[in-house]
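**Student:**
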Amino acid sequence: MASSTQGPSLSESPSQDRKYARPAQDEDFDLLFPIAVGLGRRILDRDGRDLQRSVATAEELAVNVFVDLPRPLRQDEKTFSKMCAEMADVCLEALLGDQTVVSVPLGLLPPETGFLGELPLRELQATLSEMRRSDRRVGLLVFAAGLSPAQAASALGVSLDRALSSINRIGQRFHDRQVLGLGPKFKATHS
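For the sequence shown, my numbering assigns the number 1 to the initial residue and increments by one for each residue that follows.
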């Protein structure tokens, strides 16, 4: 017979047939974590050229983001936007020295940059690292991940006008860096 100070014996444990409800936090994590990994993977490797590396890196970065997210996790816009913003933040450093070139829709950057549709991620990283956090986040979602300005605004919980203003500032910074000879090195579009 089991002593009352030892706790329940195996025969006294709850039945294996009984269904236990999972905590809501687990369900929130199960929903949000793959989204964070997917966003990180898109920022790091939009075209899926090195999925094994980019998914592993995105998972590692997402773990770091989830450690810092406020508890309890919730399936709401505020948590989603914070998660997307934090993923963008941690991905910026991971792009350091990246040799990938991504396509960007024509017209997204001002004509004076000489931009012809391809953007080296190392140049994006160098440019964004000099900018304020809100601009960096929009820049990573639009230029690296390939989201539209409206999609980036929605993911980050900001207005479309604010996202477009960030894109304009990024375009101006590209131009300023080019004039100073710091990059990015786009082909000139002289007539």
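Think of the CB as a built atom: it goes at the ideal place given N, C-alpha and C, for glycine as much as any other residue. These numbers come from a predicted model, not from an experiment.
For residue 140, collect the residues of the same chain with a Cβ closer than 7 Å to its Cβ; drop the 5 residues on either side in sequence, then sort them by chain order.
**Tutor:** Hits under 7 Å: 43, 88, 91, 92 and 128.
**Student:** In the DSSP output, which residue or residues are listed as bridge partners for residue 118?
**Tutor:** According to DSSP, residue 118 bridges with 103.
**Student:** Would you call residue 99 buried or exposed, if buried means 16 or more other Cβ atoms sit within 10 Å of its Cβ?
**Tutor:** So residue 99 counts as exposed.
**Student:** Looking at residue 84 and the ligand PLP, is the gap between the Cβ and the nearest heavy atom below 7 Å?
**Tutor:** Judged by which ligands are present, the structure shown has none, so any question about the ligand PLP falls away.
**Student:** How is the alpha helix (DSSP H) around residue 134 delimited, first residue to last?
**Tutor:** Its alpha helix (DSSP H) spans residues 133-139.
**Student:** Where residue 34 and residue 75 are concerned, what is the direct C-alpha to C-alpha distance, given to the nearest angstrom?
**Tutor:** If I take the Cα positions, the gap works out to 13 Å.
**Student:** Compare the C-alpha of residue 37 against each of 71, 80, 72 and 70 and name the closest.
**Tutor:** The shortest Cα separation from residue 37 among 71, 80, 72 and 70 belongs to 80.
**Student:** Per DSSP, what kind of secondary structure is residue 71 in: helix, strand or coil?
**Tutor:** Looking at residue 71 - three-state DSSP - the assignment turns out to be coil, as it is neither helix nor strand.
**Student:** Considering Cα atoms alone, identify which of 157, 63, 31 and 56 is closest to residue 134.
**Tutor:** Out of 157, 63, 31 and 56, 157 has the C-alpha closest to the C-alpha of residue 134.
**Student:** Give the secondary structure of residue 40 by DSSP, where H, G and I count as helix, E and B as strand, and everything else as coil.
**Tutor:** Here residue 40 sits in helix by DSSP.
**Student:** So, is residue 180 buried or exposed, given that buried needs 16 or more other C-beta atoms within 10 angstroms?
**Tutor:** Its Cβ having fewer than 16 others within 10 Å, residue 180 is exposed.
**Student:** Which residues in the same chain have their Cβ closer than 7 Å to the Cβ of residue 172, if we skip the five residues on either side of it in sequence?
**Tutor:** None.
**Student:** Got a sec, what are the start and stop residues for the alpha helix (DSSP H) residue 149 sits in?
**Tutor:** Here the alpha helix (DSSP H) through residue 149 covers 149-156.
**Student:** When we look at the beta-carbon of residue 86 and count the other beta-carbons within 10 Å, is it buried (16 or more) or exposed?
**Tutor:** Looking at its Cβ environment, which holds 16 or more other Cβ atoms inside 10 Å, residue 86 is buried.
**Student:** Can you grab the Cα-Cα spacing for the pair residue 62 / residue 160, in whole Å?
**Tutor:** Whole-angstrom Cα-Cα distance: 26 Å.
**Student:** Quick check on residue 34: does DSSP put it in helix, strand or coil?
**Tutor:** Of the three classes helix, strand and coil, the one that applies to residue 34 here is helix, per DSSP.
**Student:** Skipping 5 residues on each side, what residues in its chain have a beta carbon closer than 7 Å to that of residue 149?
**Tutor:** Answer for residue 149: 142, 160, 163, 164 and 167, listed in chain order.
**Student:** Looking only at its own chain, which residues have a Cβ that is under 6 Å from the Cβ of residue 70, when we skip the five neighbours before and after it?
**Tutor:** Correct list: empty, nothing qualifies.
**Student:** Since residue 130 is in the alpha helix (DSSP H), which residue starts that stretch and which ends it?
**Tutor:** No alpha helix (DSSP H) holds residue 130; DSSP gives it neither H nor E.
**Student:** DSSP three-state label for residue 48, please.
**Tutor:** Here residue 48 sits in coil by DSSP.
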